[in-house]
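Here is the structure we will look at, set down as structure tokens.
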Amino acid sequence: MTSQVSLTRRAREQVPATDLERAALETVELLEEVAALIPTDDATAVESSGGKPSKRAVFPAPWNTPAGNMHTTVGERAREHELNLCLLLFGGVRYRGRSDANTMAAIMRIPDLVAAAVRAGYADRRYVTDAVKELSGWPALLRRFLDHDPEPGDPRPWTRAPGDLCCPHCDCRLWLRPGWQHQGAGADVWCRHCRDEHGQWLRWPADAWVAVLQQADV
2 MTSQVSLTRR AREQVPATDL ERAALETVEL LEEVAALIPT DDATAVESSG GKPSKRAVFP
62 APWNTPAGNM HTTVGERARE HELNLCLLLF GGVRYRGRSD ANTMAAIMRI PDLVAAAVRA
122 GYADRRYVTD AVKELSGWPA LLRRFLDHDP EPGDPRPWTR APGDLCCPHC DCRLWLRPGW
182 QHQGAGADVW CRHCRDEHGQ WLRWPADAWV AVLQQADV
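Residues in the sequence shown are numbered from 2 upward in steps of one, following our numbering.
Take a look at the structure:
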């Protein structure tokens with residue numbers, strides 16, 4: 002994957018790219034950083050049915066680590082988007098394996114497939130809108146995972162409310178919306194599970210935190 006990522010870096014410097022193409026290039030580069038965090042050693046021997054270790058070494062499933070799970074999830078979604086877009090455009094698809102090279106190729110192909118779908122009049126199809134939404138969001142998601150500084154335009158994450166505050170209805174953690182720092186003591190706390198009669202997430206003003214939680218304990 003490294004040599005192919007180097008090619009995408011040179012392509013970024015030489016060729017003007019659309020927003021989706023830039024997102025694809027960034028996603029591939031950041032996924033390489035995620036892949037470097039996945040453990041590849043610490044093999045352990047497997048016991049045979051007789052209780053003696055066999056000669057076969059087994060490595061921990063990489064998707065069981067946070068980095069492995071992130072890498073696997075993005076890769077699977079990329080191949081799924083490529084497959085769905087190909088079915089929409091061509092009515093068939095050639096199966097792509099799960100190697101890093103195939104994952105990179107699937108990510109890099111999505112912008113071209115989306116452009117073709119738009120030209121064909123499929124811009125509002127769910128396969129197209131889902132692919133655009135996820136590909137556009139992967140760079141910011143991966144930057145947060147890698148603890149990189151956010152770039153302009155990156156969505157700001159929600160923050161857990163201090164004091165282990167929980168919803169009095171579902172007992173899930175309460176959250177502060179992005180930008181709460183600028184609201185001071187007036188920031189509301191939100192439950193991202195319970196909704197009111199209008200379908201909106203439940204929220205309480207800052208000065209009602211304690212009162213709401215005390216009422217739930219009565």
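A virtual CB, placed ideally from N, CA and C, is assigned to each residue, including glycine. Keep in mind the model is a prediction, meaning the values are calculated, not measured.
Taking the alpha-carbon positions, what's the residue i to residue j distance?
i	j	result
VAL75	ASP172	31 Å
LEU89	TYR128	8 Å
GLU22	PRO169	45 Å
LEU147	VAL35	7 Å
HIS194	THR160	15 Å
PRO206	ALA188	7 Å
GLU227	THR28	Lying outside 2 to 219, the shown extent of the chain, residue 227 is not represented and no answer is given.
GLY138	GLU30	14 Å
ALA106	LEU136	13 Å
For residue i, does the count of other Cβ atoms within 10 angstroms reach 16, so buried, or fall short, so exposed?
i	result
ARG80	buried
HIS72	buried
ALA281	Only positions 2 to 219 of the chain appear in this structure, which leaves residue 281 out of reach.
HIS199	exposed
ASP197	exposed
THR19	exposed
ALA162	buried
Which of the three DSSP states is assigned to residue i in this structure?
i	result
CYS192	strand
CYS173	coil
LEU38	coil
CYS168	coil
TRP221	The question about residue 221 has no answer here: the residues shown for the chain are numbered 2 through 219.
LEU142	helix
Can you find the residues in the same chain that come closer than 7 Å, C-beta to C-beta, to residue i, ignoring five residues on each side of it along the sequence?
i	result
PRO67	none
Can you give me the Cβ contacts of residue i inside the same chain, cut-off strictly under 6 Å, excluding the 5 residues immediately before and after it?
i	result
MET109	ALA25
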